[in-house]
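Reviewing the structure listed below.
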Amino acid sequence: MPLLFSPQLLRRLWARDTFVYSLRVFLALGIVMAGCWLAGTMDHVLPVFLGIIACALAETDDTWRGRLRTQAAVLACFSLTALVVHAVFGHPWLFAVVLATAAFGLTMMGAVGERYRAVSSATLILAIYLTIGLDHGGAARGGQPFWLEPMLMVAGAAWYGLLSVAWAAAFANQPVQQSLSELFRLLGGYLQLKARLFEPVRGLDMEQRRVALAQHNGQVVRALNAAKDTLFARLGNGRPGRRMARYLSLYFIAQDVHERASSSHSPYEALTDAFFHSDVMFRCQRLLSLQGRDCHRLARAIRLRQPFDKGHDSQQALDDLQAAIAYLRAQGPAQRQRLLHALGSVAANLATLGRQLAGAGHPHTHGAPDDSSLFDRSPRSWRDAMDRVRLQLTPSSPLFRHAVRLSLALTAGYGMLHLIHVNQGYWIVLTTLFVCQPSYGATLSRMGQRILGTAGGLVVGWALFRLFPSPLLQAVFTVAAGTVFFASRKQRYALATGAITLVVLLCFNQVGDGYGLILPRLVDTVIGAVIAGLALLFVLPDWQARRLDQAASRAASTYAAYLRRIMAQYATGKQDDLAYRLARRNAHNADAALSTVLANVFQEPGYFRSNAEAGLRFMVASHTLLNYLSSLGAHRSALTDPTIRGLVEQAAEHVAAALEEIAAALMAHRLPSIDADGSLAWAERLDRLQDEGGDTPQVVPTQLALVCRQVATLGTWAGRLAAPAQAVSPVTPPSPATPVSA
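Residue numbering for the sequence shown follows the numbering used here, beginning at 82 and increasing consecutively.
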């Protein structure tokens, strides 16, 4: 019988970021619990635990030096917060003012960057934790000095910070492996979703599949950004070492794979109709599925630090596809030659994609581009950081509206606890803090999960009190529950809420009567959740449907910039410089942002989303346009024929100008004045440039003709988005959690 924890299982667990994060928290909590138990100071457990939890919530990826600087800032913020809270705790009116000001200011600091957002949020959480400790008499218990409770919380934060810095120094490259592994896993899912578009069956809901593909593309884009940030934190401005050079090469391979995976060379419905009685579409689908499987295998190899061998299945599938296309070219009628050229471009694109994946197994032979610099989005100075905050100080900013809403909601919760019962009422404020989210859908989801998780945690805590009265066993359960909280807080919020509720109950039961906390905790959770919901509805509500046109405008404008960068390279030849990669990333970021806004819109009440259907159609059309642009970006060979180049440049400029007009019209809430007939005329002129050859100059006019036709379609849906009263047939969006099989 195999061991429960075999070396293979432990290796797989060690490669997962959630397990490593949870293990770090387990060590921090377990050592503190053991030390307090042996020293007989169990009344110190809760404040130290809360300090550890707050510090762990503020943790972001960085090198050990960067993490050390961040931890110093965290401890400074925590210490200042502890002093301020202690100073104003006994003065309700002053405390209310300080609480509202701190909530607004710390939330606005999130405009500076992700690291500042995490530290600010954790500081606010620690302030509420400290009030809970003071409310339960922590400072007065046993004649203890007033400064003991804050000091214990800061000490807990310092202890976890020390462990976090040491961990980052000992396992410096593990986060890079994990981020790259997740990136290739999502790329594999994208390829498998893309393969569904080649399914040779008539009558399928292709629009539904395109929506699912666009939504998954948002996840890929976020993974690309996360991998870039992880790499940049370790590279800085210096030259990468051998291992980091390998990881950087894998990142650039992922970028190339994403560009080719998101490419489209022809409307898939037209290909299905034209080659319905052939197996060529099935062969395209099979090849894409196998390449998606190769991405999953590469992800696993990176995660487990194992050699990657792509195998021969996908190469055989490519050979079969090329043979099927060659047969159709020899046998097919002349009217299908244009679509056969498109299939040939698909095969060539997938062949290059396969070579890129094969190169991932030998990264030393697949070097980074000549310009391997990464764009740093972090603030360069304090003035830059403050400028970012200043730009958000406007009622039109979602962050500003959320900051105002959160500060007023916390103040209302603080007033409610004094109105109902002063003792044990700070759970109201804590619940409001966690439940109040920027969007309606997220807040509604948090409300239900918070109440459900709290109730479940209270029931489990009551059962543990009755079944396991031993304080030692309860101490073990406390550490286990704290670990479960961090293991599940990103994916299973209800479970995480139940776990942290159990931590609090068990900690209080070590020094008093945990039973007395059960009912107040449940009542306070319900009240706090209701306050958060009411604040979202009545305090500067930020309905995402009203931001749909802005997100669509941003997508159109970045597509125009991306197209211009692509066409500039058709004059000089392919060069993956920073300017090109930045334009490509901005386009995909805008596409992902539009997908996120739409997902939030469909979670809002029906009377607020009259333009949701038009927005969904716009997203499908814009993502298809981005696919066509990606095809142009995937080729990028210099055009030597001056006639073709001149015509192509004029057509591209016409499209870029049309996209900019669409962007401007959406921002101004007016109908776009684009020349749709002119776009279709340009498409016909480009179609006439095609010849019987299969070289790159023929691919470029073909793809640009598709872009011209698509921009006319995009303009139509932009007009519907600007005038939502026009009828649009409904489209049902897929669930954001649609699983993708490996």
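Ideal Cβ positions, reconstructed from N, Cα and C, are used throughout, including at glycine. Model, not experiment: these values are computed from the prediction.
Cβ neighbours of residue i in the same chain (closer than 8 Å, five flanking residues each side left out)
i: Thr396; result: Position check: residue 396 holds Gln in this sequence, whereas Thr was assumed. Counting only Cβ-Cβ distances below 8 Å, and skipping sequence neighbours, we find Gly435.
i: Cys789; result: Ala732, His735, Val736, Ser760, Leu761, Trp763, Ala764, Leu767
Pick from the options that is closest to residue i, judged by C-alpha positions
i: Thr212; options: Ala580, Gly597, Gln412, Val179; result: Val179
i: Ala580; options: Ala680, Tyr596, Ala561, Leu402; result: Ala561
i: Val193; options: Leu480, Leu707, Ala157; result: Leu480
i: Phe356; options: Arg283, Leu156, Ala544, Gly614; result: Arg283
i: Trp228; options: Ala120, Leu312, Gly214; result: Gly214
i: Leu207; options: Arg93, Tyr507, Glu263; result: Tyr507
i: Ala702; options: Gly186, Tyr574, Met189, Ala295; result: Ala295
i: Leu747; options: Glu230, Leu487, Ser638, Gln372; result: Ser638
i: Phe333; options: Gly522, Leu438, Arg291; result: Leu438
i: Ile209; options: Gly322, Gly171, Val166; result: Val166
i: Ala380; options: Ser345, Ala304, Ala432, His393; result: Ala304
i: Ala616; options: Asp394, Ala115, Ala484, Arg769; result: Ala484
i: Gly373; options: Ala307, Arg327, Gly522, Gly269; result: Gly269
i: Ala177; options: Ala738, Gln387, Ser488, Gly538; result: Ser488
i: Asn667; options: Pro686, Leu707, Asp630, Tyr688; result: Leu707
i: Leu533; options: Arg97, Ala610, Asp672, Val338; result: Ala610
i: Thr512; options: Gly425, Ala493, Trp463; result: Ala493
i: Ala671; options: Gly696, Ser634, Thr311; result: Ser634
i: Leu554; options: Pro601, Asp286, Arg323, Ala115; result: Ala115
i: Asn306; options: Asp286, Leu267, Arg464; result: Leu267
i: Leu244; options: Tyr408, Leu316, Leu108; result: Leu108
i: Val301; options: Ser262, Leu285, Leu233, Gln289; result: Ser262
Residue i - containing alpha helix (DSSP H), residue span
i: Leu385; result: 361-385
i: Gly826; result: Any question about residue 826 goes unanswered here, given that the chain covers just 82 to 823.
i: Thr99; result: 98-120
i: Asn254; result: Note, Asn254: premise wrong, no alpha helix (DSSP H); not H, not E.
i: Val282; result: Run containing Val282: none; DSSP gives neither H nor E here.
i: Trp624; result: No alpha helix (DSSP H) holds Trp624; DSSP gives it neither H nor E.
i: Lys655; result: Counting along the chain, Lys655 falls outside any alpha helix (DSSP H), and DSSP gives it neither H nor E.
i: Glu685; result: Counting along the chain, Glu685 falls outside any alpha helix (DSSP H), and DSSP gives it neither H nor E.
i: Tyr332; result: 323-342
i: His750; result: Per DSSP, His750 belongs to no alpha helix (DSSP H) and is neither H nor E.
i: Val193; result: Here Val193 belongs to no alpha helix (DSSP H), and DSSP marks it neither H nor E.
i: Glu288; result: 287-316
i: Gly759; result: 757-768
i: Gln473; result: No alpha helix (DSSP H) contains Gln473, which DSSP labels as neither H nor E.
i: Met528; result: 521-548
Close beta carbons around residue i, own chain, < 7 Å, minus the five adjacent residues each side
i: Phe279; result: Tyr349, Met362, Cys365, Gln366, Leu369
i: Gly714; result: Glu340, Ile647, Arg665
i: Ala236; result: Val129, Gly132
i: Gly111; result: Val560
i: Thr475; result: Phe481
i: Lys275; result: Leu294, Ala342, Leu369
i: Pro552; result: Gln591
i: Ala632; result: Ala674, Leu675, Val678
i: Pro753; result: Glu742, Ile743, Ala746, Gly796, Ala799, Gly800
i: Arg645; result: Ala737
i: Arg222; result: Caution is warranted here: a pLDDT of 49 is assigned to Arg222, below 50, making its placement in the model unreliable, and no coordinate value can be reported.
i: Thr162; result: Thr204, Leu207, Ala208
i: Gln650; result: Gln656, Tyr661, Arg717
i: Tyr197; result: Met190, Gly191
i: Ala137; result: Val106, Tyr241, Phe567
Residues near residue i by beta carbon distance below 6 Å, same chain, minus five either side
i: Gly614; result: Met528
i: Leu525; result: none
i: Lys655; result: Arg717
i: Leu576; result: Ser569
i: Gly538; result: Gly579, Thr582, Leu583
The ligand GTP heavy atom lying under 7 Å from the CB of residue i
i: Ser711; result: Here there are no bound small molecules, and the ligand GTP is not part of this structure.
is_contact[residue i, chain B] using C-beta, thresh 8 Å
i: Thr524; result: The structure shown contains no chain B; it is built from a single protein chain.
ask   = Within the chosen definition, does the segment 558-576 reach the segment 658-673 through at least 3 CB pairs nearer than 8 Å?
value = These segments do not touch.
request  = Spell out a yes or no on whether the segment 664-680 and the segment 623-632 are touching, meaning 3 or more CB-CB pairs, one atom from each, closer than 8 Å.
outcome  = These segments touch.
ask   = Is it true that the segment 723-731 meets the segment 693-707, where meeting means three or more beta-carbon pairs spaced less than 8 Å apart?
value = no
request  = Could you tell me whether the segment 181-192 touches the segment 133-150, where touching means 3 or more Cβ pairs closer than 8 Å?
outcome  = no
ask   = Should the segment 396-409 be called in touch with the segment 419-434, which here means at least 3 C-beta pairs below 8 Å?
value = Touching, yes, given that three or more Cβ pairs across the two stretches are closer than 8 Å.
query = Is there contact here, the segment 89-106 with the segment 564-572, by at least three beta-carbon pairs under 8 Å?
reply = yes
key: Inter-stretch contact (C-beta, 8 Å, three-pair minimum) for the segment 529-547 and the segment 583-602   = yes
ask   = Do the segment 144-162 and the segment 243-260 make contact, defined as three or more Cβ pairs closer than 8 Å?
value = yes
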